[in-house]
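Below is one structure, written out as structure tokens; the observations come after it.
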Amino acid sequence: MTTIVLSERAGQAHPALATWLKGAGLCCRTLSADSAPRRGEVRILHVSEIGIASHRDILTDFVDGEPEFIRAANGQPATIRFGRADMAFGHALIAELVRPAHRPSCAEPDSTALLALADRVARSDATVLLLGETGTGKEGVARYVHACSPRADKPFVAVNCAALPETMLEAMLFGHQKGSFTGASGASEGLFRAAEGGTLLLDEIAELPLALQSKLLRALQEREILPVGATRAQPVDVRVIAAANRDLAAEVAAGRFRADLYWRLNVMPLKLKPLAERRLDIRAIAATLLFRHSPADADFAWPTANAIDRLLTHAWPGNVRELENVIQRALLLRQGDRIEADDLAIEDFTPAHIPTHAPAAVPAPARLADAAKASAAQLIRDALAATGGNRQRAAERLGISERTLRYRLADLRAVA
Numbered sequence: 020m021t022t023i024v025l026s027e028r029a030g031q032a033h034p035a036l037a038t039w040l041k042g043a044g045l046c047c048r049t050l051s052a053d054s055a056p057r058r059g060e061v062r063i064l065h066v067s068e069i070g071i072a073s074h075r076d077i078l079t080d081f082v083d084g085e086p087e088f089i090r091a092a093n094g095q096p097a098t099i100r101f102g103r104a105d106m107a108f109g110h111a112l113i114a115e116l117v118r119p120a121h122r123p124s125c126a127e128p129d130s131t132a133l134l135a136l137a138d139r140v141a142r143s144d145a146t147v148l149l150l151g152e153t154g155t156g157k158e159g160v161a162r163y164v165h166a167c168s169p170r171a172d173k174p175f176v177a178v179n180c181a182a183l184p185e186t187m188l189e190a191m192l193f194g195h196q197k198g199s200f201t202g203a204s205g206a207s208e209g210l211f212r213a214a215e216g217g218t219l220l221l222d223e224i225a226e227l228p229l230a231l232q233s234k235l236l237r238a239l240q241e242r243e244i245l246p247v248g249a250t251r252a253q254p255v256d257v258r259v260i261a262a263a264n265r266d267l268a269a270e271v272a273a274g275r276f277r278a279d280l281y282w283r284l285n286v287m288p289l290k291l292k293p294l295a296e297r298r299l300d301i302r303a304i305a306a307t308l309l310f311r312h313s314p315a316d317a318d319f320a321w322p323t324a325n326a327i328d329r330l331l332t333h334a335w336p337g338n339v340r341e342l343e344n345v346i347q348r349a350l351l352l353r354q355g356d357r358i359e360a361d362d363l364a365i366e367d368f369t370p371a372h373i374p375t376h377a378p379a380a381v382p383a384p385a386r387l388a389d390a391a392k393a394s395a396a397q398l399i400r401d402a403l404a405a406t407g408g409n410r411q412r413a414a415e416r417l418g419i420s421e422r423t424l425r426y427r428l429a430d431l432r433a434v435a
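Structure, rendered in structure tokens:
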């Protein structure tokens with residue numbers, strides 16, 4: 020496990036940094052910089068301490084003027100300098116540099132608490148059910164559970180049940196024998212056996228046909244599968260993590276999901292909030308995405324405080340996937356060295372039926388989550404109207420994928 024050490028000088032330059040790291044779930048300890056580094060430690064040092072720094076460390080300083088980030092290269096540590104105006108994003112960027120690769124980016128207290136719970140759950144072999152809107156980061160949490168588990172050195176296999184043809188799902192999951200159906204020119208082990216000893220993520224589990232739900236239930240209960248065309252079941256040792264963007268309890272009530280399977284999956288439910296309800300996470304995830312998508316051989320494009328404010332006030336109907344699209348576009352479209360608010364290309368829609376001169380008083384939704392969902396639904400309707408019902412162009416206009424739009428429309432139909 021990575022240990023983070025903050026030197027006394029670096030802590031004096033950035034007094035609030037330790038608090039931000041703790042909020043991100045990255046506990047660090049302060050240590051005199053003349054202490055020798057230990058195996059697995061990452062140190063955050065002051066730039067004046069470069070003489071004792073290794074390539075794993077991070078050099079930082081508090082400076083007035085424009086911020087600077089220089090990636091680690093040629094055996095030299097990364098260097099990051101920023102002042103008060105860029106402090107919030109600077110702290111988020113440092114957290115990204117020291118964050119273990121398998122840990123999702125976060126800073127919201129509820130998010131860090133969820134990851135702490137996921138860490139505890141990972142040590143058992145309990146089935147996990149991840150719930151949350153499309154694009155909220157369910158697969159990232161699933162990978163975190165796998166990485167924290169005793170199965171970490173075994174395969175992690177992810178399958179989206181909504182993306183596979185219904186006729187092929189059984190063979191894809193449980194495997195098939197040669198000649199078991201037309202086109203089966205050879206045998207296939209299936210995804211369960213591909214994940215042997217490790218973890219299998221069944222994403223969008225609500226899309227699994229009822230007939231297959233009973234077979235999945237048997238696989239979970241008996242720890243064995245029956246490949247298509249086989250006559251003898253085969254044992255499997257797989258931890259299953261299921262994920263859904265729908266309310267599975269409501270799906271059970273509607274007769275679309277088996278109650279016995281629901282209760283078998285619902286051993287340890289973890290619910291991810293929409294990005295609009297995780298404001299502190301937005302800054303942390305934006306830092307991660309900028310670091311990931313910025314060219315390594317180019318100057319790092321820092322977002323201005325106004326750009327960060329713009330990100331924090333958007334409703335994010337497409338959640339993290341929409342945020343990633345916005346960040347990638349900003350890197351391509353920016354006019355200057357830094358990312359300005361206008362570079363973000365976040366398109367706001369004004370519903371045609373609402374007059375712009377004197378809007379009528381409308382009762383406020385009871386909860387912020389309801390307001391966000393209502394806003395997202397209206398944005399989708401307006402985008403479809405503006406593109407004549409073309410889903411691909413509507414998705415591009417919204418900054419989300421066409422598949423995400425399809426899921427959103429399915430959710431709208433379910434509550435209509």
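Its first residue numbered 20, the sequence shown is counted upward by one per residue in this note's numbering. Think of the CB as a built atom: it goes at the ideal place given N, C-alpha and C, for glycine as much as any other residue.
Residue state for Glu215 is assigned as coil, using DSSP reduced to three classes. By the Cβ criterion, the stretch 303-312 is in contact with the stretch 118-125, since at least three pairs of Cβ atoms, one from each stretch, lie closer than 8 Å.
A straight-line Cα-Cα distance of about 14 Å links Leu192 and Asp256. Cβ-Cβ separation between Glu68 and Ser26: approximately 6 Å, consistent with a contact (criterion under 8 Å). 8 Å or more divides the Cβ of Gln347 from the Cβ of Leu280. Residue pairing from DSSP places Gln253 in a beta bridge opposite Ile244. By the criterion of at least three beta-carbon pairs nearer than 8 Å, the stretch 79-89 is not in contact with the stretch 147-164.
In the DSSP assignment, Ser26 forms a beta bridge with Leu50. At least 8 Å separates the beta-carbon of Trp321 from that of Arg353. Taking a cut-off of 8 Å for Cβ pairs, the stretch 238-246 and the stretch 220-228 do not touch, as fewer than three such pairs fall below it. Beta-bridge analysis with DSSP links Arg62 to Val24. The three-state secondary structure of Glu226, taken from DSSP, is helix.
Comparing alpha-carbon positions, the option among His110, Glu85 and Ala32 lying closest to Leu40 turns out to be His110. Every unbroken stretch of the beta strand (DSSP E) spanning 3 or more residues and falling wholly within the stretch 80-128 is given here in chain order: 87-89 and 97-101. Closest in alpha carbon position to Ala104, among Ile327, Ile224 and Gln95, is Ile327. Around the C-beta of Ser168, 16 or more other C-beta atoms lie within 10 Å, and the residue is accordingly described as buried.
Per the C-alpha coordinates, the member of Gly84, Ile113 and Met106 positioned closest to Ala97 is Ile113. Leu188 is positioned such that its CB atom lies no closer than 8 Å to that of Pro288. In this chain, the beta strand (DSSP E) harbouring Val178 covers Phe175 to Asn179.
The stretch 211-219 and the stretch 269-277 do not touch, with fewer than 3 CB-CB distances between them shorter than 8 Å. Under the DSSP assignment, Ala269 falls in the alpha helix (DSSP H) whose first and last residues are Leu267 to Ala272. The beta carbon of Glu85 sits closer than 6 Å to none of the beta carbons in its chain outside the five residues before and after it. According to the DSSP assignment, Lys41 belongs to the alpha helix (DSSP H) that extends over Leu36 to Gly42. Here the alpha carbons of Val117 and Leu183 stand approximately 37 Å from one another. Excluding residues up to 5 positions away in sequence, Ala326, Arg329, Leu330, Val345, Arg348 and Ala349 lie with their Cβ nearer than 8 Å to the Cβ of Leu363 in the same chain. Ranked by Cα distance from Glu208, the options Leu221, Ile224 and Ala190 are led by Ala190. For the pair Asp144 and Ala262, the Cα-to-Cα distance works out to about 16 Å. For Thr406, same chain residues with a beta-carbon under 6 Å away, outside a window of 5 residues either side, are Arg412 and Ala413 in chain order. Beta bridge pairing from DSSP links Lys290 with Leu150. Nearest neighbour of Val259 by Cα position, chosen from Arg251, Gly70 and Val286, turns out to be Val286. Using a Cβ distance threshold of 8 Å, Arg75 and Val66 do not count as a contacting pair.
Nearest in C-alpha terms to Pro119, of all of Arg162, Trp282 and Ala92, is Arg162. Collapsing the DSSP output to three states places Ser207 in a strand.
Arg357 carries a coil assignment under DSSP once its states are collapsed to helix, strand and coil. DSSP places Ala263 in the uninterrupted beta strand (DSSP E) bounded by Arg258 to Ala263.
Among the bridge pairs identified by DSSP, Leu221 is matched with Val178 and Ala261.
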